[in-house]
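Participant: Submitted below is the structure of interest, expressed as structure tokens.
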Amino acid sequence: MEINLNRGMPSVPPNLPVLLMMLGAGSIVFGMLLIWNEWLLRWIVAGVFLLIGALLLLTGLRAKRMLG
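Each residue of the sequence shown is one higher than the last, beginning at 361 in the working numbering.
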């Protein structure tokens, strides 16, 4: 009788390490950019809040339309 202990575990995709290294390098470059340009952080935070506000506004409008 053969017992396969790896039956329920998904295998790691072969390109996952390259993807993780690219994301890590991009994060390092982005962090260095934020160190050199402090104003960039202000624009990014403002953009995130504008995006969240727009999504909440659109969700509220859609809910209002659904309720009649």
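All C-beta atoms, glycine included, are put in the ideal place defined by N, C-alpha and C. Model, not experiment: these values are computed from the prediction.
1. Considering only their Cβ atoms, is the gap separating residue 401 from residue 394 smaller than 9 Å?
2. With respect to the alpha helix (DSSP H) encompassing residue 377, which residues constitute its N-terminal and C-terminal limits?
3. Do you know offhand how far residue 383's Cα is from residue 413's?
Facilitator: Answer, in terms of the structure:
1. Position 34 of the sequence shown, counted from the first residue, corresponds to residue 394. Position 41 of the sequence shown, counted from the first residue, corresponds to residue 401. Contact flag set, yes.
2. For the purposes of this step, residue 377 is identified with residue 17 of the sequence shown, where counting begins at 1. It spans 376-396 - the alpha helix (DSSP H) in which residue 377 sits, taken as one unbroken run.
3. Position 23 of the sequence shown, counting from 1, holds the residue named residue 383. Position 53 of the sequence shown, counting from 1, holds the residue named residue 413. Rounded to the nearest angstrom, the two C-alpha atoms are 27 Å apart.
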